[in-house]
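Chemist: Counting the sequence shown from 1 gives a position; the working numbering is that position plus 126.
All C-beta atoms, glycine included, are put in the ideal place defined by N, C-alpha and C.
Let me begin by handing over the structure; questions about it come next.
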Amino acid sequence: MKIILTLFITLMSFGAVAHCPLYFADENKCASLEWTDGPVLNANSSFRVFFWEKGDADHSYVSPEQSVEMKTWMIMANGHSHGGPTITWDEVENGVFEVADAKFFMGGMNGHWQVKVIVGEEEQSVNVEF
127 MKIILTLFIT LMSFGAVAHC PLYFADENKC ASLEWTDGPV LNANSSFRVF FWEKGDADHS
187 YVSPEQSVEM KTWMIMANGH SHGGPTITWD EVENGVFEVA DAKFFMGGMN GHWQVKVIVG
247 EEEQSVNVEF
């Protein structure tokens with residue numbers, strides 16, 4: 127019985143993450159990032175970020191009340207990290223933000239890239255897989 131209960135709790139935890147990949151507690155909002163072109167190295171990549179109220183099974187898009195910012199970020203193998211080229215975004219519809227100029231490059235560096243989504247003072251990251 128303990129094993130079944132543990133398995134159930136574990137599976138429910140995975141389901142909660144799947145329905146709220148990026149959680150912004152100050153606004154009780156979830157977000158997800160979907161690539162529309164890319165990600166690729168050494169060229170423009172495009173993506174959209176979608177926001178909805180946590181617990182909304184329909185994921186009806188809503189705009190955060192606080193400011194939204196995004197940036198690319200590289201985490202180096204040696205533990206250092208730094209920002210990438212500046213990106214721009216537009217809210218193309220209520221709660222949907224679009225980026226068309228994200229650039230990722232390695233330039234001989236060893237590490238991995240992230241996209242950071244910032245709402246107000248809260249920051250969440252998505253690892254970039256090439």
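Please return the same chain residues whose Cβ sits closer than 8 angstroms to the Cβ of S251, not counting the five positions on each side in sequence.
Modeler: Counting from 1 along the sequence shown, the entry for residue 251 is found at position 125. Cβ neighbours of S251 beyond the five flanking positions: W199, Q240, V241, K242, V243.
Chemist: Look up M196 in the DSSP assignment and give the residues it is bridged to.
Modeler: Taking the sequence shown and counting its residues from 1, the one referred to as residue 196 is at position 70. Answer by DSSP bridge pairing, in chain order: V243.
Chemist: Taking L148 as part of the beta strand (DSSP E), name the residues at either end of that continuous run.
Modeler: In the sequence shown, residue 148 corresponds to position 22, counting from 1. Run containing L148: 148–150, per the beta strand (DSSP E) assignment.
Chemist: Hey, could you find the ends of the beta strand (DSSP E) H208 is sitting in?
Modeler: The residue labelled residue 208 in the question sits at position 82 within the sequence shown. Counting along the chain, the beta strand (DSSP E) containing H208 begins and ends at 207–209.
Chemist: Taking the CB atoms as reference points, tell me whether F150 and V245 lie closer together than 8 angstroms.
Modeler: Working through the sequence shown from its first residue, we reach residue 150 at position 24. Working through the sequence shown from its first residue, we reach residue 245 at position 119. Yes.
Chemist: Roughly how far, in whole angstroms, is the beta-carbon of I201 from the beta-carbon of G237, given that I think they are within contact range, below 8 angstroms?
Modeler: If you number the sequence shown from 1, residue 201 lands on position 75. If you number the sequence shown from 1, residue 237 lands on position 111. That belief holds up - the Cβ atoms of I201 and G237 are roughly 5 angstroms apart, short of 8 angstroms.
Chemist: Is F134 helix, strand or coil by DSSP?
Modeler: As a working mapping, residue 134 is identified with position 8 in the sequence shown. Only weak support is given to the placement of F134: the predicted model assigns it a pLDDT of 45, under 50, and the question is left unresolved by the model.
Chemist: Determine the closest residue to T214 out of G181, E179, G233, V194, with distance taken between C-alpha atoms.
Modeler: For the purposes of this step, residue 214 is identified with residue 88 of the sequence shown, where counting begins at 1. Comparing Cα positions, the closest option is V194.
Chemist: Tell me which residues share the same chain as P211 and place their Cβ nearer than 6 angstroms to its Cβ, disregarding the 5 neighbours each side in the sequence.
Modeler: Position 85 of the sequence shown, counted from the first residue, corresponds to residue 211. Excluding sequence neighbours, P211 sits near K229.
Chemist: Are the CB atoms of S189 and W178 nearer to each other than 8 angstroms?
Modeler: What you label residue 189 is simply residue 63 of the sequence shown in a count that begins at 1. What you label residue 178 is simply residue 52 of the sequence shown in a count that begins at 1. Cβ atoms of S189 and W178: not closer than 8 angstroms.
Chemist: Need the endpoints of the beta strand (DSSP E) that S171 sits in, please.
Modeler: Indexing the sequence shown from 1 puts residue 171 at position 45. Where S171 is concerned, the enclosing beta strand (DSSP E) stretches over 170–179.
Chemist: Tell me which residues share the same chain as A203 and place their Cβ nearer than 7 angstroms to its Cβ, disregarding the 5 neighbours each side in the sequence.
Modeler: Counting from one through the sequence shown, the residue named residue 203 turns up at place 77. Only N236, G237 meet the Cβ criterion.
Chemist: List the residues that DSSP assigns as beta-bridge partners of S251.
Modeler: Along the sequence shown, one-based indexing puts residue 251 at 125. Answer is K242, bridged to S251.
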